[in-house]
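Read the structure below first, then the notes.
There are 2 protein chains.
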Amino acid sequence: MPVQNESTEATSTGSRPSGARRVPLSPTLAINEAMARKRREGVRVLPLGFGEAGLPIHPALARELAAGSDRGAYGPVAGSAALRAAAAGYWSRRGLPTEPGMVVSGPGSKALLFGLVMSLGGEIVIPAPSWVSYAAQATMAAEGAIQVATPPGEGGVPSPALLADAVVRARSQGRSVAGVVVTLPDNPTGTLASEQTVRRLCEVARELDLVIVSDEIYRDLVHDPSRDVPSPAAYAPERTVVTTALSKHLAAGGWRIGVARLPDGPIGETLRTDLLGVGSEIWSSAPAPMQHAAAFAFSEPPELVERVDRSRRLHATVAAAVTARFEAVGARVPSPEGAFYVYPDFEPLRDRLRADHGVRTGADLTELLLERHGVGVLPGAAFGDAEEALRMRVSSSLLYGETEEQRLAALATPDPLTLPWIADSLDRLSEVLAAVTAPTPLAAPATC
Amino acid sequence: MPVQNESTEATSTGSRPSGARRVPLSPTLAINEAMARKRREGVRVLPLGFGEAGLPIHPALARELAAGSDRGAYGPVAGSAALRAAAAGYWSRRGLPTEPGMVVSGPGSKALLFGLVMSLGGEIVIPAPSWVSYAAQATMAAEGAIQVATPPGEGGVPSPALLADAVVRARSQGRSVAGVVVTLPDNPTGTLASEQTVRRLCEVARELDLVIVSDEIYRDLVHDPSRDVPSPAAYAPERTVVTTALSKHLAAGGWRIGVARLPDGPIGETLRTDLLGVGSEIWSSAPAPMQHAAAFAFSEPPELVERVDRSRRLHATVAAAVTARFEAVGARVPSPEGAFYVYPDFEPLRDRLRADHGVRTGADLTELLLERHGVGVLPGAAFGDAEEALRMRVSSSLLYGETEEQRLAALATPDPLTLPWIADSLDRLSEVLAAVTAPTPLAAPATC
Chain A
1 MPVQNESTEA
11 TSTGSRPSGA
21 RRVPLSPTLA
31 INEAMARKRR
41 EGVRVLPLGF
51 GEAGLPIHPA
61 LARELAAGSD
71 RGAYGPVAGS
81 AALRAAAAGY
91 WSRRGLPTEP
101 GMVVSGPGSK
111 ALLFGLVMSL
121 GGEIVIPAPS
131 WVSYAAQATM
141 AAEGAIQVAT
151 PPGEGGVPSP
161 ALLADAVVRA
171 RSQGRSVAGV
181 VVTLPDNPTG
191 TLASEQTVRR
201 LCEVARELDL
211 VIVSDEIYRD
221 LVHDPSRDVP
231 SPAAYAPERT
241 VVTTALSKHL
251 AAGGWRIGVA
261 RLPDGPIGET
271 LRTDLLGVGS
281 EIWSSAPAPM
291 QHAAAFAFSE
301 PPELVERVDR
311 SRRLHATVAA
321 AVTARFEAVG
331 ARVPSPEGAF
341 YVYPDFEPLR
351 DRLRADHGVR
361 TGADLTELLL
371 ERHGVGVLPG
381 AAFGDAEEAL
391 RMRVSSSLLY
401 GETEEQRLAA
411 LATPDPLTLP
421 WIADSLDRLS
431 EVLAAVTAPT
441 PLAAPATC
Chain B
1 MPVQNESTEA
11 TSTGSRPSGA
21 RRVPLSPTLA
31 INEAMARKRR
41 EGVRVLPLGF
51 GEAGLPIHPA
61 LARELAAGSD
71 RGAYGPVAGS
81 AALRAAAAGY
91 WSRRGLPTEP
101 GMVVSGPGSK
111 ALLFGLVMSL
121 GGEIVIPAPS
131 WVSYAAQATM
141 AAEGAIQVAT
151 PPGEGGVPSP
161 ALLADAVVRA
171 RSQGRSVAGV
181 VVTLPDNPTG
191 TLASEQTVRR
201 LCEVARELDL
211 VIVSDEIYRD
221 LVHDPSRDVP
231 SPAAYAPERT
241 VVTTALSKHL
251 AAGGWRIGVA
261 RLPDGPIGET
271 LRTDLLGVGS
281 EIWSSAPAPM
291 QHAAAFAFSE
301 PPELVERVDR
311 SRRLHATVAA
321 AVTARFEAVG
331 ARVPSPEGAF
341 YVYPDFEPLR
351 DRLRADHGVR
361 TGADLTELLL
371 ERHGVGVLPG
381 AAFGDAEEAL
391 RMRVSSSLLY
401 GETEEQRLAA
411 LATPDPLTLP
421 WIADSLDRLS
431 EVLAAVTAPT
441 PLAAPATC
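If you read the sequences in order, they're chains A and B. Count the first sequence with full-length UniProt numbering and you get residues 1 to 448, in order. Count the second sequence with full-length UniProt numbering and you get residues 1 to 448, in order.
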């Protein structure tokens, strides 16, 4: 559906018709580019805005891409047999039995999510807050997003009771609701929804005949590796699509390769056909050399498993340290449980921020941090939070270093917080947070 | 806009709402998969359906991809500075002065075309016949396609007079028309529109304020290398977008990397902003390692230029031979001028085909060729031709061999038609065409 819904004017002429899509640059990519600009201007930047793993490609993975570099032929839209078998093994080892025929690959899980949303049509329920692109994609490719708040303390999953209310209400108004998107573990909050919440969500989805799209791109980065990720594919296998990619746990965001696991059965068959149709007209297939490397990655060879283990520990350690720095100035921060995000709330400091800096909204606060102090973070509003909420998403993963050498050192050491560049960045963060939140000294009384 | 336009029913529930996209698999990819199936069934297949260059990746290009295999970071949506500069050089050397800021890359020119159509909105005029995906994309991402016939003997460009009529008529009905797509040289007909036609098209586009999208993916495969490609970017520079990729002249279809050249000036600036917005929410960027290799390719090092020269000669030689085989049985065939396509018309044989085989439509004829004889081609109707037209697109490029060794031999030899596997395929083609078109011997009179 077009973003603009005005009826077409009879006098419309030319290159900017009413149906034209006005899609602003994705905020996460925009902040990445804004940071790069600031750096070029010579500003000392603390890059906490962009959701990138901030780690090098493992040499074994690069080697496999090089080995696939002579693959120039178009292949099946769904992806190579080798990649689909490897992804099926990956999910099967995680308690989600998967046949290769259930797997569809694409140029990033973002593209697959777009194709799924387009295939579903109707309105799509998404958590509030949630990753910036869900709402944008639902507006571009379907009939829009319905944002439903997450339960207290749990990110990534709409509150099941509120979900049911929202869908019933929308349908009673003649609107059509097709699916619900969840993120496990969550971006932006870094939390992981409980099994109980996911089970209840699945019950609601089944009762209301909703397809569940479970974005599990951070699955292997749950900080406590003994903790299970409660995938809706386990509780509503007939209606759950799972997506993942190499972007986060293997730090290959720039490679653009993702996979979707479609449900077995009639819902899955219809969705698969539709998704392949959409993919065939937008991207044809995932790049063949990347497919070759991704097949290797999803087979989980020991050297990559070890790399993911080290990455997980690093993300957990630094996210916890960032959390502590925010808590030290009085912000409230949900304990991060996965990925490399922290989602502090400055509500306790609202009065002071308003009095000292005129801050009324989350965007006021993040603009202050960026323009005055070179700290790049994204306001909660970018993720669907209320404008006035003083929450922000902080990515801790771009603190690991500026060079490959520094990043490898961060992966290698048992105590990354002692590395000078990480310690410096954390101290700089504390300094900025203190400057922004410190009580203003009383103005000296005027003398006359 | 949704493919289905029924109003949403108030009672709609669940996973297949009225807005859901039903996009069938792209016919060109579908025929590729059908051929693979036939082969697995043990059928001797003559693969003439799929628009793939059928040649190996040049080792120097593969080496560059390998050299970029450690690039895992997300980069700018528009692509790396190196790729944009290289593509700007490529176009500038072809008489289209280009600044790097005018270049946007993406995961294939198909994805860029989708993004452009979505950015334009409104209805999109496309030539009839034309590449299968233009109409599908206009239906998925904009308000549909208006097919306008090409001038006699020229493919890839809607007849300028008919274009003007169609746009004026659509607008008088309150519909909004945003752009026109052209293909230079053309797929499916293998012809190249004349400079005069392109100039007139540009005048009409300017008068009617239409953006021109010029798909020039086959530009470097014009059979006569001394012949200039008349790009609308030369005659209507303020409103023409040009797209190209590595898929055809460098046979890297499976790599999924393309570039668009946006016009300089206000139309280009708006389109660029919109295209980057759409790209940021669907594909983020082209894969970083492919960008690295594509920067090398668009810098046109001598070894790749030589490869393209050899490829061009091979395509020209085999397309001409295929043309002769079709002409020998009485089909009419426009002389191929570029790419690796032949577009024969069996109209002169209509009565016989109907009497002997019940063939009434192009699809009847291509089904007969596939099911009875293992020859895979696509009917003209897949490209927007009339159902009853007995035209078909024949890709000549998958005859070069089944192995890399055979394909390299085809590139190396001055006379590829003498290579046994190519000669055999051409003879098999003649045999099938003879069997399908030969006059039926009179039935022996019944004796009793």
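Yeah, the Cβ is synthetic: ideal placement off N, Cα and C, and Gly gets one too.
Assigned exposure category for residue i - 16 Cβ within 10 Å defines buried
i                     : result
residue 181 (chain B) : buried
residue 438 (chain A) : exposed
residue 418 (chain B) : exposed
residue 379 (chain A) : buried
residue 281 (chain A) : buried
residue 427 (chain A) : exposed
residue 377 (chain A) : buried
residue 254 (chain A) : buried
residue 72 (chain A)  : buried
residue 216 (chain B) : buried
residue 92 (chain B)  : exposed
residue 228 (chain A) : exposed
Rounded separation between residue i and residue j - CA only
i                     : j                     : result
residue 19 (chain B)  : residue 167 (chain A) : Residue placement at residue 19 (chain B) is poorly supported in this model, since its pLDDT is 48, which falls under 50; the coordinates still yield a value, given next. Their Cα atoms are separated by approximately 16 angstroms.
residue 248 (chain B) : residue 297 (chain B) : 12 angstroms
residue 290 (chain A) : residue 257 (chain A) : 7 angstroms
residue 3 (chain B)   : residue 357 (chain A) : Low local confidence applies: a pLDDT of 29 at residue 3 (chain B) is under 50, so the model's placement there is unreliable, and no value is given.
residue 26 (chain A)  : residue 209 (chain B) : 29 angstroms
residue 138 (chain A) : residue 393 (chain A) : 22 angstroms
residue 64 (chain B)  : residue 177 (chain A) : 47 angstroms
residue 50 (chain B)  : residue 283 (chain A) : 16 angstroms
residue 59 (chain B)  : residue 306 (chain B) : 13 angstroms
residue 251 (chain A) : residue 82 (chain A)  : 21 angstroms
residue 333 (chain B) : residue 397 (chain B) : 17 angstroms
residue 488 (chain B) : residue 53 (chain B)  : Nothing can be reported for residue 488 (chain B), as the shown portion of chain B is limited to 1 through 448.
residue 222 (chain B) : residue 414 (chain B) : 18 angstroms
residue 412 (chain B) : residue 310 (chain B) : 7 angstroms
residue 364 (chain A) : residue 188 (chain A) : 19 angstroms
residue 323 (chain A) : residue 46 (chain A)  : 15 angstroms
residue 205 (chain A) : residue 226 (chain A) : 28 angstroms
residue 304 (chain B) : residue 164 (chain A) : 59 angstroms
residue 300 (chain A) : residue 87 (chain A)  : 10 angstroms
residue 338 (chain B) : residue 193 (chain B) : 11 angstroms
residue 212 (chain A) : residue 149 (chain A) : 16 angstroms
residue 186 (chain B) : residue 44 (chain A)  : 52 angstroms
residue 158 (chain B) : residue 344 (chain B) : 20 angstroms
residue 293 (chain B) : residue 161 (chain B) : 42 angstroms
residue 328 (chain B) : residue 320 (chain B) : 12 angstroms
residue 395 (chain A) : residue 32 (chain A)  : 11 angstroms
Cβ-based neighbour list, residue i, same chain, cut-off 7 angstroms, excluding 5 preceding and 5 following
i                     : result
residue 132 (chain B) : 26, 27, 28, 382, 383
residue 276 (chain A) : 77, 78, 104
residue 410 (chain B) : 314, 400, 401, 416, 419, 422
residue 122 (chain A) : 142, 143, 176, 177, 178
residue 134 (chain B) : 126, 145, 181
Contacts around residue i, its chain only, beta-carbon distance under 6 angstroms, and the 5 residues preceding and following it disregarded
i                    : result
residue 17 (chain B) : At residue 17 (chain B) the pLDDT is 43, less than 50, meaning the model places this residue with poor confidence and gives no usable figure here.
Closer than 8 angstroms: residue i CB and nearest the ligand ADP heavy atom
i                     : result
residue 392 (chain B) : As for the ligand ADP, it is missing from this structure, which has no ligand bound.
Spatial neighbours of residue i in its chain, beta-carbon cut-off 8 angstroms, leaving aside the 5 residues before and after
i                     : result
residue 111 (chain B) : 256, 258, 279, 282, 283
Any 3 or more C-beta pairs closer than 8 angstroms across the stretch 251-270 of chain A and the stretch 102-118 of chain A
With the cut-off at 8 angstroms, the stretch 251-270 of chain A and the stretch 102-118 of chain A touch.
Identify each residue in the stretch 335-348 of chain B for which the Cβ-Cβ distance to at least one residue of chain A is less than 7 angstroms, and report them in chain order.
none
To be precise: take each residue of the stretch 24-37 of chain B, compare its Cβ to all Cβ atoms of chain A, and keep it if any distance is under 7 angstroms. Which residues remain?
Cβ proximity to chain A below 7 angstroms picks out 24, 25, 26, 29, 32, 33 from the stretch 24-37 of chain B.
Flag this pair as touching only if the stretch 401-415 of chain B and the stretch 193-203 of chain B have three or more C-beta atom pairs under 8 angstroms; answer yes or no.
no
Residues of the stretch 56-86 of chain A with Cβ closer than 7 angstroms to any Cβ of chain B, in chain order:
Listed by position along the chain: 56, 57, 62, 65, 66, 69, 70, 71, 72, 73, 74, 75, 76, 77.
Name, going along the chain, the residues of the stretch 131-159 of chain B whose beta-carbon falls closer than 7 angstroms to a beta-carbon of chain A.
Per Cβ criterion, the list reads 133, 136, 137, 140, 142, 143.
If you measure beta-carbon to beta-carbon, which residues of the stretch 107-134 of chain A are closer than 7 angstroms to chain B?
Within the stretch 107-134 of chain A, the residues whose Cβ lies closer than 7 angstroms to some Cβ of chain B are 107, 108, 110, 111, 114, 118, 119, 120, 121, 122, 133, listed in chain order.
Counting only Cβ-Cβ distances shorter than 9 angstroms, please list the residues of the stretch 286-311 of chain A near chain B, keeping chain order.
286, 287, 288, 289, 290, 291, 293
What residues from the stretch 228-258 of chain A come within 9 angstroms of chain B, judged by C-beta to C-beta, listed N to C?
Residues passing the 9 angstroms Cβ filter: 239, 246, 247, 250, 251, 252, 253, 254, 255, 256, 257.
Taking a Cβ distance cut-off of 8 angstroms, strictly less, list which residues of the stretch 185-197 of chain B are near chain A, in chain order.
none
Can you give me, in chain order, the residues of the stretch 272-284 of chain B that have a beta carbon less than 7 angstroms from any beta carbon in chain A?
274, 276, 277, 278, 280, 281, 282, 283, 284
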